[in-house]
Structure formats: structure tokens, C-alpha cells
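Here the numbering used here is used: the first residue of the sequence shown is 954, the next is one more, and so on.
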Amino acid sequence: MNDASTKNQKLVSWVKEVAELCTPADIHWCDGSQEEYDSMAQRLVDAGTFVRLNPDLRPNSYLARSDTGDVARVEDRTFICTTNEDDVGPTNNWTEPEGMRKKLKGLFTGSMKGRTMFVIPFSMGPVGSETAKIGVEITDSPYVVCNMRIMTRIGSEVLEALGEDDFLPCLHSIGAPLEPGQEDVFWPCDAENKYIVHYPEEPSIWSYGSGYGGNALLGKKCFALRIASTMARNEGWMAEHMLILGLTSPEKKKTYIGGAFPSACGKTNLAMIQPTIPGWEATCVGDDIAWMRQKADGKLYAINPEAGFFGVAPGTSEHSNGNAMTALAKNSIFTNTALKPNGDIWWEEMTEETPPELEDWHADKWTPASEGKASNPNARYTAPASQCPVMDPEWENPEGVPMSAFIFGGRRSNVVPLVFEAKNWLQGVFLGSIMASETTAAAAGAVGKLRRDPFAMLPFCGYHMGDYIKHWVGMGEKLGDNAPRIFYVNWFRKDADGNWLWPGFGENSRVLKWICERIDGKADAQDTPIGLVPTLESLDLNGLDIPESDVSELIAVRAEDWLQEIPEIREFFSTVGNQLPSQVLAELDSLEASLKG
Ligand code: O2Y
Ligand code: MN
């Protein structure tokens, strides 16, 4: 393909303009074919970025090792540029657009010297879907091309669908120009000088310096959440950091549920859950992002804008997520995992036994006696969604799937019950706005510290968090009786001795069953100030060996514990800023009043 493959004048001019700015050695228009992917992967093997895995054990798969300074998303280097600072609010990094553009133009000048510039037309959502949107990423990273091919739909069919329509320009450079004769490194980047910049008013995305994950695969967090959330607010739909799953009852009734969880709460595991209760089946539509629109029948329909999974590898196993293990069995990319002597990958908790000898993610020899972990805690797999054995038959339906419920959750060792239902949409929005999770060792900072993360969108909302919560209130008014029911779950409650009270994983299907039965008017609940909590009898605990006292503790609501959180919630709301909707503040006041009884 080349620029003659399209009549889209905006695209042709933009590619020319970027080439003049970044001065690459050549330009490659990605057609998205398997041959192209294979040659790109070979190029990465030759450059030392990829290690080809043993094809008998992990066909058509590769291990990439990144620079140690480029292993995760960088929130402090992520910026939103708008004319008015008030539009992004106090929870985003705002920068004045023109100054930032000048800075970026400086950084991008000659940034692709000696490298190939790839042009990737991509669709977020099934090509041609009314809800899907097209972007074009220009990048100088073949690693990004390979990952984008798995995570989105790319190439000729997208360019054709685009025609002469508008698209989102997404410009990415690793920021490592190559002078003639200069030897390349295995993971070129500009680790000390990263900029992940969003211009929601244009809109456009500029990302410089990092080749990793959400910093560089610009369809994911940058487009599908930060930019799309602003589009959704303006156009009356929702772009959410949510998994989408389908539950089928023994009577064959299908219920679609969206779930928002902060990181390290097992979101991907829930998206691919293997129910333990007889007769119930679960299917996956997506594990990370949902785009949802109200359709003519009044209901809210969701699509998964992605086509793959960019999952955290450590902790993923046959026990925690057998479906993910099948999805990543072939045609996958692994980033910063360990390597076994047999040419396959390994990470912590993948198997019960730790292999006696490995190469760690730095490519150094590693044994169980070595200091540190063999894989990076943020090591990732990139796997095609189509390889997950429980993909929902409708997962690529361009119309989306009808949503009946939303689940919010967090990791809380106390206070928050296993599951409860909001009494109405507004109380649900309030619960979403106070979502919180205790930090784990996987995140930087103190372990066990409570972090509020409204709707799990704090790092991903492209505009003012208060306006975002207002948008939720407004969507409830629009949806009326068709609004999904809202639930809150906590798989992580502990007893006084610090032991988990709930087994989690597949057993979470018992909670999903209660949610489906609430929607169908079949499960009982008791009214409490925080919402509707299951009665002991309404939870299906058949075959589960848990003492009744533990179940009582799991669903206990203690007014004194919740009252202790109120000042901290008020404090958090004050950091969100003055745009918080009055209805949400009123919910907090009424919760406090009813807790005081
Ligand atoms: O770029 C990264 O380090 C990954 S962040 C990520 C990747 C997949 C799904 N969700 C997330 C997240 O941070 O929510
Ligand atoms: Mn995510």
C-alpha cells in the first residue's frame, strides 16, 4: 500500500506533513496482512527486540524485552491540552495547547531519522459499526505495529471503510533517531523525556519517547478512553473503562453486564470467568473498555472497541484464568516476561512450581534463589480476542449487546460487603464516584493504602471528573427505566486474622447469579443505608464449604465503619473540584444521615 491507496486528502496531507517533520528513511502503509506481520516480527527478531518462542510450544509468538525505563504507562507524563484549564479539572495534567505543540514539534523534528515511518489505519470497534471509530496511527515502532494488529482492526479494509471521512490522527515516535552508521539498541526510546499528549478539542493524540503499552498503542487508553470520553460526553453516549460479559442462566436467559474495577482487582479474570455453579454459562465480550449508546428501543448497547487483550501476565494461570491461558497459547506477544530454557515464556504464579532455571526479563540468568522476580510485575501478553474460548457469539456484532447491569468494585479488606445493589441510578452513580481500592505490591507506593478511583476512570477521563459524573447523572435521566441496574462487589474482604473470606475466581459466579436474579425479581435483599444487600438465603452457596459466620461477615454492613469513611469521601470530593453534581453530594449527605439513623 501507499498514499495512492486512498483518496482521503486529509490523510495524504497529514502523512506528508509528518514525514516532513520527522524525516524518516522511508514510509510503510500497513495493509494488516499476515505476511506484513510476519516480516515485521522478523525485523524485530533481527533487531534483538523480539525473541521467537519455541514454535512447538507457543506457535507464532514472541517475547519482547523493553528498556528498564519503559515498562508501564506514565500518568505524570500524560497531558490533556484544552483552551480552558477548567475543562480538564484538577485530576488531569492540563497544559496550554500552543506551548505544548511548540515543544512537541521540537521533539518530533527529525525524530524518525534512519527509521521507517509506519502508517496504521485502525478501527476501534468492528469495521463499519455505527459505534466504531477510525484512527490512523503514525509510528516509527514495528513493535507498535505488531501489537496494534492484535489489539485493533488495521489495514486495507479500514482504509476502505474510512473513504474520505474524518479520522483521529495519532502520532507516535519512540524518540530515538538513528544517525548513519549508528548501531541500534534492542528497545530504542527516550525514557527520560516522555510525553503522552491529548488534544480533545481538535481532536488528536501526540505521543513521544515511550514504546510501551498504553503510551504507544494509541487506540487503547488514549483514543478509546481519554479522547472517546470527551466525544461521548459531547454526543450523548458512554466510553467506559469496563469489561463486558454475558451470563446465561440454566433457563437460557442471557444477561449482559459491564464491570468497572481499578487495576489489580482481577478485571480480566472476571471478564473470562468460568462459573462453578451448575447450568450457568459465562461469555466474554471485552475485558477493558466499553463504548455504549442508547438505541431506538431505548436500551443501552455496548461494543468492545478492541480486538485483543493486553493483559497483566504475572498471576495469570490455569487456576486464575484458564480462558486467558488458552487465548495466549499462540499468535501472541509477551513483553517483559521470563524465558524458559525450552524457549517458552514463564511468569510468577503461572505454574505451581517455579522452573529451576530461567532468563529473567532483563535476559539475565535467574534461579529461585535469585534476588527479585523473574518477570516484571507489569509484564504483559498481547493476545487476539478471537482465541479466547469463551468469546460471546455477539462480541463482534456491530450493533453491540444490550446492557442490563453495571458492577463497580474495588479491593477492600474490610467495610464493603461481598455484593450490594444501589436502590436507584443516582445512588449507583454515587457508588461509582466513591469507588476505591487498596493498593497492592504491583503499584508504586505504600501497600494497603486506600485510593479513590471514580468509575476506574481517574487516569482515563479526558475531561473534568465532575463533568464526567454529571454525564452519568444525565445518561440515567435519558435511559429512564431502561437504565442498567447498578451493583457494587468486593471479592477481597478479610476476617479479623487477615484471611480472605471469599474464594473468588469461578466462585464469583454465585454473586453474578444473585445479580441476574435481582434483575429478574427472583432474589431477596435487605434494605441498608448503603443499598440492597443479599439475605443469607438468597445467595447460592451450594457445594461451597464456607461457615455461615463467614458469610454473615461477608455481607455485614456496619454503620460505624461507613461513618468513618464519610469525612475522607468529603475530602476526596473536594479534590475532584467544584463541578461535582449536586445530586451526588446529596447522596452523600443522605447516606450520612441514614447511617446516623
Ligand atoms: O501500559 C500499561 O502498562 C498497561 S495499562 C492497562 C493495560 C491493559 C488494560 N488496562 C490497563 C490499565 O491500566 O487499566
Ligand atoms: Mn484497563
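Glycine is no exception: its CB is placed at the ideal position from the N, C-alpha and C atoms.
Check: Within 7 Å: the Cβ of tyrosine 1334 and any heavy atom of the ligand O2Y?
Finding: Counted from its first residue, the sequence shown places residue 1334 at position 381. Outside the cutoff, so no.
Notebook entry, point to check: How should aspartate 1174 be labelled, buried or exposed, when 16 other C-beta atoms within 10 angstroms of its C-beta is the threshold for buried?
Noted result: On the sequence shown, residue 1174 is found 221 positions in, with the first residue counted as 1. Checking the displayed sequence, the identity of residue 1174 turns out to be lysine instead of aspartate. With 16 or more other Cβ atoms within 10 Å, it is buried.
Check: Mind checking arginine 1523: buried by the 16 CB within 10 Å criterion, or exposed?
Finding: Your numbering for residue 1523 matches position 570 in the sequence shown. Exposed: under 16 other Cβ atoms inside 10 Å.
Check: Contact check, arginine 1005 vs tyrosine 1015 under 8 Å by CB: the rounded distance?
Finding: The residue labelled residue 1005 in the question sits at position 52 within the sequence shown. The residue labelled residue 1015 in the question sits at position 62 within the sequence shown. So it is a contact: roughly 6 Å between Cβ atoms.
Item checked: From Pro1228, Glu1430, Tyr1148 and Trp1455, residue whose alpha carbon lies closest to that of glutamate 1506 -> Here residue 1506 corresponds to residue number 553 of the sequence shown, with the count starting at 1. Minimum Cα distance to glutamate 1506 is reached at Trp1455.
Note to self: Judging by CA-CA distance, which residue of Met1410, Leu1371 and Trp1378 is the nearest neighbour of methionine 1388?
What the structure shows: Counting from 1 along the sequence shown, the entry for residue 1388 is found at position 435. Considering only alpha carbons, the answer is Met1410.
Note to self: Please give me, in chain order, every unbroken run of the beta strand (DSSP E) with length at least 3 that falls completely inside the region 1369 to 1423.
What the structure shows: 1372 to 1374, 1389 to 1391 and 1403 to 1405
Notebook entry, point to check: By Cβ distance below 7 Å, which residues in the same chain neighbour leucine 1115 in space, the five residues on each side in sequence not counted?
Noted result: If you number the sequence shown from 1, residue 1115 lands on position 162. Asn961, Pro1074 and Ile1087, listed in sequence order.
Notebook entry, point to check: With a Cβ-Cβ cutoff of 8 Å, do valine 1041 and histidine 1417 count as a contact?
Noted result: Position 88 of the sequence shown holds residue 1041. Position 464 of the sequence shown holds residue 1417. For valine 1041 and histidine 1417, yes; Cβs fall inside 8 Å.
Next item on the list: Following the continuous alpha helix (DSSP H) through glutamine 1479, name the residue where it begins and the one where it ends.
Entry: Residue 1479 sits at position 526 when you count from the first residue of the sequence shown. Looking at the DSSP string, glutamine 1479 is not in any alpha helix (DSSP H); the run it does join, the beta strand (DSSP E), is 1478 to 1481.
Margin query: For the ligand MN, is there any heavy atom lying closer than 7 Å to the beta carbon of aspartate 1241?
Written below: One-based indexing of the sequence shown puts residue 1241 at position 288. True, at least one ligand heavy atom lies under 7 Å from that Cβ.
Next item on the list: Reducing DSSP to helix, strand and coil, say where isoleucine 1242 ends up.
Entry: Here the question's residue 1242 lines up with position 289 in the sequence shown. Coil.
Notebook entry, point to check: Which class does valine 1343 belong to by DSSP, given the choice of helix, strand or coil?
Noted result: Your numbering for residue 1343 matches position 390 in the sequence shown. It is coil, neither helix nor strand.
Next item on the list: Quick one: using the 10 Å Cβ neighbour count with 16 as the cut-off for buried, is valine 1097 buried or exposed?
Entry: Working through the sequence shown from its first residue, we reach residue 1097 at position 144. Counting Cβ neighbours within 10 Å, valine 1097 comes out buried, since at least 16 surround it.
Notebook entry, point to check: Using the C-alpha atoms, what's the distance from leucine 1403 back to threonine 1393?
Noted result: Here residue 1393 refers to the residue found at position 440 of the sequence shown. Here residue 1403 refers to the residue found at position 450 of the sequence shown. Cα to Cα, the separation comes out at about 10 Å.
Notebook entry, point to check: To which residues of the same chain is proline 1351 closer than 8 Å at the C-beta, ignoring the five residues directly before and after it?
Noted result: Sequence index remark: in the sequence shown, residue 1351 carries index 398 (1-based). Here the set comprises Gly1078, Pro1079, Gly1081, Ser1082, Glu1083, Thr1084, Ala1085 and Ile1256.
Next item on the list: Tell me whether alanine 1114 sits in a helix, a strand or coil according to DSSP, three-state version.
Entry: Counted from its first residue, the sequence shown places residue 1114 at position 161. In this structure, alanine 1114 counts as helix in the three-state DSSP scheme.
Note to self: Our contact map puts isoleucine 1226 next to alanine 1235 with C-beta atoms below 8 Å; I'd like the distance itself, whole angstroms only.
What the structure shows: For the purposes of this step, residue 1226 is taken as the residue at position 273 of the sequence shown. For the purposes of this step, residue 1235 is taken as the residue at position 282 of the sequence shown. Between alanine 1235 and isoleucine 1226 the Cβ distance is about 5 Å, and since that is below 8 Å, they are a contact.
Next item on the list: With a threshold of 7 Å, establish whether the CB of histidine 1194 neighbours any heavy atom of the ligand MN.
Entry: As a first step, residue 1194 is located in the sequence shown; it is residue number 241 there, counting from the start. Correct: histidine 1194 has its Cβ closer than 7 Å to the ligand MN.
Note to self: Please state whether the Cβ-Cβ distance between serine 1094 and alanine 1169 is less than 8 Å.
What the structure shows: Counting from 1 along the sequence shown, the entry for residue 1094 is found at position 141. Counting from 1 along the sequence shown, the entry for residue 1169 is found at position 216. Cβ distance < 8 Å, so serine 1094 and alanine 1169 count as in contact.
Check: Opposite glutamine 1247 in the DSSP bridges: which residues?
Finding: Position 294 of the sequence shown, counted from the start, is the residue given in the question as residue 1247. Bridge partners of glutamine 1247: Leu1253.
Next item on the list: Check whether the Cβ of asparagine 1045 sits closer than 7 Å to any heavy atom of the ligand O2Y, and report yes or no.
Entry: Numbered from 1 along the sequence shown, position 92 holds the residue referred to as residue 1045. Answer for asparagine 1045: no, Cβ out of range of the ligand O2Y.
Next item on the list: Flag phenylalanine 1263 as yes when its Cβ comes closer than 7 Å to any non-hydrogen atom of the ligand O2Y, and as no otherwise.
Entry: Reading the sequence shown from its first residue, position 310 is the one you call residue 1263. Yes.
Check: For alanine 1129, is the classification buried or exposed, using 16 other Cβ atoms within 10 angstroms of its Cβ as the cut-off for buried?
Finding: On the sequence shown, position 176 is the one that residue 1129 refers to. When all chains shown are included, alanine 1129 counts as buried.
Next item on the list: Can you give me the Cβ contacts of cysteine 1469 inside the same chain, cut-off strictly under 7 Å, excluding the 5 residues immediately before and after it?
Entry: Within the sequence shown, the letter at position 516 stands for residue 1469. Answer for cysteine 1469: Leu1200, Ser1202 and Thr1208, listed in chain order.
Next item on the list: Out of Asp999, Gly1164, Trp1159 and Pro1231, point me to the one whose CA is closest to lysine 1055's CA.
Entry: Counting from 1 along the sequence shown, the entry for residue 1055 is found at position 102. For the residues Asp999, Gly1164, Trp1159 and Pro1231, the minimum Cα distance to lysine 1055 belongs to Trp1159.
Notebook entry, point to check: Looking at the unbroken alpha helix (DSSP H) that takes in aspartate 1514, where does it start and where does it end?
Noted result: Taking the sequence shown and counting its residues from 1, one reaches residue 1514 at position 561. 1512 to 1529 is the extent of the alpha helix (DSSP H) around aspartate 1514.
Note to self: With three or more C-beta pairs closer than 8 Å as the rule, is the region 1218 to 1233 touching the region 1257 to 1274?
What the structure shows: yes
Next item on the list: With a 10 Å radius around its C-beta and 16 neighbouring C-beta atoms as the bar for buried, classify isoleucine 1298 as buried or exposed.
Entry: Taking the sequence shown and counting its residues from 1, the one referred to as residue 1298 is at position 345. Burial call: buried.
Item checked: Meets three-Cβ-pair contact criterion under 8 Å: the region 1503 to 1520 and the region 1019 to 1035 -> no
Next item on the list: Could you tell me which residues DSSP puts in a beta bridge with proline 1074?
Entry: Against the sequence shown, residue 1074 aligns to sequence position 121. Looking at the DSSP assignment, proline 1074 forms a beta bridge with Val1089.
Item checked: Cut-off 6 Å between Cβ atoms - residues of its own chain near tyrosine 1161, not counting five sequence neighbours on either side -> As a working note, residue 1161 is residue 208 in the sequence shown. Excluding positions up to five away in sequence, the list reads Leu1060, Ser1126, Gly1128 and Tyr1148.
Check: Taking just the CA atoms, how far does cysteine 1414 sit from arginine 1471?
Finding: Taking the first residue of the sequence shown as 1, we reach residue 1471 at position 518. Taking the first residue of the sequence shown as 1, we reach residue 1414 at position 461. Going by the C-alpha atoms only, they are around 31 Å apart.
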